[in-house]
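J.:
Protein chains: 2
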Amino acid sequence: MKKIINSPETLVDEMLEGFVDLYADIVALVPGTRAIKRKDAPISGKVALITGGGSGHEPAHAGFVGPGMLTGAIAGDVFTAPSLEHTLELSKEVYSGEGILYIIKNYAGDILMFETAMEMLEDEGIKSDKIIVHDDIAVDEEDGEIKRRGVAGTVLIHKIVGAGADEGLSLNALKDLGEKAIARVRTYGMALSPCVIPARGEPNFTLGPDEIEIGIGIHGEPGVERVKMQDAHTLVRSMMDKLLKETVFADAKEVLLMVNGMGATPLMELFVVFKESISYLKELGIEVSRKMVGEYMTSLEMGGFSITLLKLDEELKHYIDYPTRAPAWRI
Amino acid sequence: MKKIINSPETLVDEMLEGFVDLYADIVALVPGTRAIKRKDAPISGKVALITGGGSGHEPAHAGFVGPGMLTGAIAGDVFTAPSLEHTLELSKEVYSGEGILYIIKNYAGDILMFETAMEMLEDEGIKSDKIIVHDDIAVDEEDGEIKRRGVAGTVLIHKIVGAGADEGLSLNALKDLGEKAIARVRTYGMALSPCVIPARGEPNFTLGPDEIEIGIGIHGEPGVERVKMQDAHTLVRSMMDKLLKETVFADAKEVLLMVNGMGATPLMELFVVFKESISYLKELGIEVSRKMVGEYMTSLEMGGFSITLLKLDEELKHYIDYPTRAPAWRI
Numbered sequence: 001m002k003k004i005i006n007s008p009e010t011l012v013d014e015m016l017e018g019f020v021d022l023y024a025d026i027v028a029l030v031p032g033t034r035a036i037k038r039k040d041a042p043i044s045g046k047v048a049l050i051t052g053g054g055s056g057h058e059p060a061h062a063g064f065v066g067p068g069m070l071t072g073a074i075a076g077d078v079f080t081a082p083s084l085e086h087t088l089e090l091s092k093e094v095y096s097g098e099g100i101l102y103i104i105k106n107y108a109g110d111i112l113m114f115e116t117a118m119e120m121l122e123d124e125g126i127k128s129d130k131i132i133v134h135d136d137i138a139v140d141e142e143d144g145e146i147k148r149r150g151v152a153g154t155v156l157i158h159k160i161v162g163a164g165a166d167e168g169l170s171l172n173a174l175k176d177l178g179e180k181a182i183a184r185v186r187t188y189g190m191a192l193s194p195c196v197i198p199a200r201g202e203p204n205f206t207l208g209p210d211e212i213e214i215g216i217g218i219h220g221e222p223g224v225e226r227v228k229m230q231d232a233h234t235l236v237r238s239m240m241d242k243l244l245k246e247t248v249f250a251d252a253k254e255v256l257l258m259v260n261g262m263g264a265t266p267l268m269e270l271f272v273v274f275k276e277s278i279s280y281l282k283e284l285g286i287e288v289s290r291k292m293v294g295e296y297m298t299s300l301e302m303g304g305f306s307i308t309l310l311k312l313d314e315e316l317k318h319y320i321d322y323p324t325r326a327p328a329w330r331i
Numbered sequence: 332m333k334k335i336i337n338s339p340e341t342l343v344d345e346m347l348e349g350f351v352d353l354y355a356d357i358v359a360l361v362p363g364t365r366a367i368k369r370k371d372a373p374i375s376g377k378v379a380l381i382t383g384g385g386s387g388h389e390p391a392h393a394g395f396v397g398p399g400m401l402t403g404a405i406a407g408d409v410f411t412a413p414s415l416e417h418t419l420e421l422s423k424e425v426y427s428g429e430g431i432l433y434i435i436k437n438y439a440g441d442i443l444m445f446e447t448a449m450e451m452l453e454d455e456g457i458k459s460d461k462i463i464v465h466d467d468i469a470v471d472e473e474d475g476e477i478k479r480r481g482v483a484g485t486v487l488i489h490k491i492v493g494a495g496a497d498e499g500l501s502l503n504a505l506k507d508l509g510e511k512a513i514a515r516v517r518t519y520g521m522a523l524s525p526c527v528i529p530a531r532g533e534p535n536f537t538l539g540p541d542e543i544e545i546g547i548g549i550h551g552e553p554g555v556e557r558v559k560m561q562d563a564h565t566l567v568r569s570m571m572d573k574l575l576k577e578t579v580f581a582d583a584k585e586v587l588l589m590v591n592g593m594g595a596t597p598l599m600e601l602f603v604v605f606k607e608s609i610s611y612l613k614e615l616g617i618e619v620s621r622k623m624v625g626e627y628m629t630s631l632e633m634g635g636f637s638i639t640l641l642k643l644d645e646e647l648k649h650y651i652d653y654p655t656r657a658p659a660w661r662i
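What follows is the structure in structure tokens.
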């Protein structure tokens, strides 16, 4: 394993130390934790928005903390749920009296940790609620339960709910807004090459020189289908077809398109994927009025990309366009 | 070779098509060329700034075209000098009557092409001048000739001279400003893993599982020294020591620090490198008043990073802080 680190044990804390130094005008570390908060929190009269999850997805999630987006984010070890204790500390630190909304990616460990935190905070008189993001179409429902994972689309939820919180929406209204956006966002990803979790030291799967994985998640797990290498045109069209089969897009006239790099993919290849996506959506008569290309939700040094579509309406466009100072937001 | 492309032959044009679609409010393609220009060019009363070089360094250079930075950029094939014809077309397209300054990275092919363009334009009455960036300390002077390559520091030159041009400096004054900045900027880079030029299909060098290359350039060439894998602390200090041995930094009190990812390096590792750089410079009593972490000048999917230092003064800080709308500029 070749990584530019000191040790797997100190990696997350050292990364956060660098992060808060770089963006010291916007964020601060809650001392003794792996929690990042808006420097100006608590924000009087506003609901606090908190997310968190394993590290290894940078710039998510700390990069999306800032005015107009998240109030705080807690980092766990690489691909591991964050600490309950840090979540409690962060929550108390940023609570303004208007409640807390937790934005959780659909992973059992994350949900369990946040739900426990919510119960414990309730005992202390802190009101909170949660929304769960499950935008990854690779893994489907099982026994009536949603198994879909939360992936790159989560960043759009941070943006939309973050703008709503800044406008002063109530906890209930923010939960409704978040669930509306979650119902309209879908993501599909692929990998050319795996990533290596630092504490493990070897990849979770291997791929032949002409093989790719379709339907990957963001934790170094293999995809749902292994296929032969394809050209960008063919690959993007088949991934887009799968996305557009989702019922929510049956009547889609206007969408946001996000092409997200998984970590090791050159920007020039992301632009080719973007170009192929744009031309196909144009052919299909779907207007792409908001466009994003870059690294938003990565999986360490995995090679590959994901495509996210969000069905837009006037309300969602308003919140996507709303100003934010979160360091990693780009549109 | 696994790359998300259609073919090596169409890659650059398809990338540029995606790029101008994404940033259509700022840039446009000069039809029939691989030249990107500011949409609002020519800019009356202002010197035009043009750069160019091989593709594969994205977001450089097209990402730095925009108000407050470059007027135009020409892309060649991957790691190949751009076309003379496209350079001439772009130059005529953005020429406002105030002259053109070419910002050239120190590679023989690029210099030859731009110098030829300058001569041909002079015959048509278009006045131009050039500055040559050679910030890479890995390769040293030979027979009195500067062999140092232009690498990530070039982005800072685009920024400084771009701001000066926006303020209305003359061609001569801009050349002086650019040369002052070039004299104060130095870069040193390392690689964990090589990249693959699409038209070639295999890496230029191979590295053992515990080997790294120090002193790399940005064209997939090996470094000047092959060493055993080191922890981030040791690696950053030895690279920083080499940088700080440069005469220009002997009396440095205040610097800009840029930690640049080569393409495949996770952001979390760049933050560790940044944190190590910041603490070392602090120990040495050097103030880091401007800080950048991210991908600015890449080398396809090479794994590794470069560190750039710019010795600051009030004038350079003014130009670094000057507003720009170029899509890839972040500080």
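In the order they appear, the protein sequences are chains A and B.
Sequential numbering from 1 applies to the first sequence in the working numbering.
Sequential numbering from 332 applies to the second sequence in the working numbering.
For every residue, glycine included, the Cβ atom is placed at its ideal position computed from N, Cα and C.
I want to know whether the region 372–381 of chain B touches the region 415–426 of chain B - three or more CB-CB distances under 8 Å.
T.: yes
J.: Determine the DSSP secondary structure at S414(B), reduced to helix, strand or coil.
T.: Walking along the second sequence from the start, residue 414(B) turns up at place 83. S414(B): coil per DSSP, three-state reduction.
J.: Within 10 angstroms of the Cβ of G208(A), are there 16 or more other Cβ atoms? Answer buried if so, exposed if not.
T.: Against the first sequence, residue 208(A) aligns to sequence position 208. Looking at its Cβ environment, which holds fewer than 16 other Cβ atoms inside 10 Å, G208(A) is exposed.
J.: Are I5(A) and V603(B) close, meaning C-beta to C-beta below 8 Å?
T.: Walking along the first sequence from the start, residue 5(A) turns up at place 5. Walking along the second sequence from the start, residue 603(B) turns up at place 272. Contact flag set, yes.
J.: Compare the C-beta of H417(B) with all C-beta atoms of chain A and state if any pair is closer than 8 Å.
T.: Along the second sequence, one-based indexing puts residue 417(B) at 86. Not closer than 8 Å to any Cβ of chain A, the Cβ of H417(B) fails to qualify, so no.
J.: Could you tell me whether any Cβ in chain B is nearer than 8 Å to the Cβ of N6(A)?
T.: Working through the first sequence from its first residue, we reach residue 6(A) at position 6. By this cut-off, N6(A) is an interface position.
J.: Leaving aside the five residues before and after V624(B) along the sequence, list all residues of the same chain whose C-beta is less than 7 Å from its C-beta, in chain order.
T.: Taking the first residue of the second sequence as position 1, residue 624(B) is located at position 293. Around V624(B): V590, L601, F602, F605.
J.: Could you confirm whether any beta carbon from chain B is found closer than 8 Å to the beta carbon of F360(A)?
T.: Absent from the structure is residue 360(A), since the part of chain A shown begins at 1 and ends at 331.
J.: Looking only at its own chain, which residues have a Cβ that is under 7 Å from the Cβ of M240(A), when we skip the five neighbours before and after it?
T.: In the first sequence, the residue the question calls residue 240(A) occupies position 240. Excluding residues within five positions, the ones whose Cβ falls inside 7 Å are S277, Y280, I307.
J.: Can we say the region 352–371 of chain B touches the region 390–409 of chain B, given the rule of at least three CB pairs closer than 8 Å?
T.: yes
J.: On the criterion of 16 or more Cβ atoms from any shown chain inside 10 Å, does N437(B) qualify as buried, or is it exposed?
T.: On the second sequence, residue 437(B) is found 106 positions in, with the first residue counted as 1. With 16 or more Cβ atoms within 10 Å of its Cβ, N437(B) is classed as buried.
J.: Tell me the start and end of each unbroken beta strand (DSSP E) in the region 272–304 of chain A that is at least 3 residues and wholly inside, in chain order.
T.: If only uninterrupted beta strand (DSSP E) runs of at least 3 residues are considered, those enclosed by the region 272–304 of chain A are 287–294.
J.: Can you check which of these residues, V196(A), T154(A), D166(A), is closest to E179(A) by C-alpha distance?
T.: The residue labelled residue 179(A) in the question sits at position 179 within the first sequence. Ranking V196(A), T154(A), D166(A) by Cα distance to E179(A) puts T154(A) first.
J.: At least one CB of chain A closer than 8 Å to the CB of T364(B): is that the case?
T.: Sequence index remark: in the second sequence, residue 364(B) carries index 33 (1-based). Chain A contact via Cβ: absent.
J.: Can a CB atom of chain B be found closer than 8 Å to the CB of T71(A)?
T.: Locating residue 71(A) in the first sequence gives position 71, where the first residue counts as 1. Chain B, which has no Cβ nearer than 8 Å to the Cβ of T71(A), makes this no.
J.: So does the region 217–235 of chain A actually touch the region 161–174 of chain A, counting three or more Cβ pairs closer than 8 Å?
T.: no
J.: Name, in chain order, the residues that DSSP records as bridge partners for E60(A).
T.: Taking the first residue of the first sequence as position 1, residue 60(A) is located at position 60. The sequence given here has Ala at residue 60(A), not Glu. A60(A) pairs with nothing; no bridge assigned.
J.: Mind checking if P525(B) is an interface residue toward chain A, Cβ cutoff 8 Å exclusive?
T.: Here residue 525(B) refers to the residue found at position 194 when the second sequence is read from its first residue. When Cβ-Cβ separations below 8 Å define contact, P525(B) makes no contact with chain A.
J.: Please state whether the Cβ-Cβ distance between G164(A) and L174(A) is less than 8 Å.
T.: Stepping through the first sequence from its first residue, residue 164(A) is reached at position 164. Stepping through the first sequence from its first residue, residue 174(A) is reached at position 174. In this structure, L174(A) lies closer than 8 Å to G164(A) by Cβ.
J.: What in chain B is Cβ-close to I320(A), meaning under 9 Å?
T.: Along the first sequence, read from residue 1 onward, the residue named residue 320(A) stands at position 320. The premise fails here: I320(A) is roughly 15 Å from chain B at the closest Cβ pair, so nothing lies under 9 Å.
J.: Assuming I434(B) contacts V492(B) under a Cβ cut-off of 8 Å, what Cβ separation, rounded to an integer in Å, is found between them?
T.: The residue given as residue 434(B) occupies position 103 in the second sequence. The residue given as residue 492(B) occupies position 161 in the second sequence. Correct: roughly 7 Å between the Cβ atoms.
J.: On the criterion of 16 or more Cβ atoms from any shown chain inside 10 Å, does G285(A) qualify as buried, or is it exposed?
T.: Your numbering for residue 285(A) matches position 285 in the first sequence. Exposed: under 16 other Cβ atoms inside 10 Å.
J.: Return the CA-CA distance between P194(A) and K2(A), expressed in angstroms with no decimal places.
T.: The residue you call residue 194(A) lines up with position 194 of the first sequence. The residue you call residue 2(A) lines up with position 2 of the first sequence. Using only the alpha carbons, I get a separation of about 14 Å.
J.: Does any residue of chain A bring its CB to less than 8 Å from the CB of V736(B)?
T.: Here chain B comprises residues numbered 332 to 662, so residue 736(B) is not present and cannot be evaluated.
J.: What would DSSP say about G178(A), mapped onto helix, strand or coil?
T.: On the first sequence, position 178 is the one that residue 178(A) refers to. In the structure shown, G178(A) sits in a helix (DSSP, three-state: H, G or I).
J.: Do you know offhand how far D652(B)'s Cα is from K622(B)'s?
T.: Indexing the second sequence from 1 puts residue 652(B) at position 321. Indexing the second sequence from 1 puts residue 622(B) at position 291. Approximately 11 Å, taken between the alpha carbons.
J.: Using a beta-carbon distance cut-off of less than 9 Å, what residues from the region 373–387 of chain B approach chain A?
T.: Residues are counted here when their Cβ sits less than 9 Å from a Cβ of chain A; for the region 373–387 of chain B these are S386, G387, given in chain order.
J.: So with CB distances below 9 Å, who are the chain B contacts of V293(A)?
T.: By one-based count along the first sequence, residue 293(A) stands at place 293. Correct list: G349, F350, L353.
J.: Here's the rule I'm using: 16 or more other beta-carbon atoms within 10 Å means buried, otherwise exposed. How should S55(A) be labelled?
T.: If you number the first sequence from 1, residue 55(A) lands on position 55. Buried is the call here.
J.: Would you kindly report the start and end of the unbroken alpha helix (DSSP H) that includes M120(A)?
T.: Reading the first sequence from its first residue, position 120 is the one you call residue 120(A). Note, M120(A): alpha helix (DSSP H), 108–123.
J.: If K368(B) and L421(B) are in contact, beta carbons under 8 Å, what's the gap, nearest whole angstrom?
T.: The residue you call residue 368(B) lines up with position 37 of the second sequence. The residue you call residue 421(B) lines up with position 90 of the second sequence. Contact holds; Cβ gap of about 6 Å.
J.: Compute the minimum distance between the beta carbon of D136(A) and the heavy atoms of the ligand MN, and state whether it is under 7 Å.
T.: The ligand MN is not part of the structure shown, which contains no ligands of any sort.
J.: Check the Cβ of P59(A) against every Cβ in chain B and list those closer than 7 Å, keeping chain order.
T.: Against the first sequence, residue 59(A) aligns to sequence position 59. The contacting residues are L598.
J.: I need the straight-line Cα distance from V361(B) to L16(A), nearest angstrom please.
T.: Position 30 of the second sequence, counting from 1, holds the residue named residue 361(B). Position 16 of the first sequence, counting from 1, holds the residue named residue 16(A). Going by the C-alpha atoms only, they are around 43 Å apart.
J.: When DSSP builds the beta bridges, which residues end up paired with T382(B)?
T.: The residue labelled residue 382(B) in the question sits at position 51 within the second sequence. According to DSSP, which records beta bridges pairwise, T382(B) is partnered with A404(B), I434(B).
J.: Which residue from G430(B), G551(B), R517(B) puts its Cα closest to that of A581(B)?
T.: Within the second sequence, numbered from 1, the residue matching residue 581(B) stands at position 250. Looking at the Cα atoms, R517(B) is the closest of the given residues.
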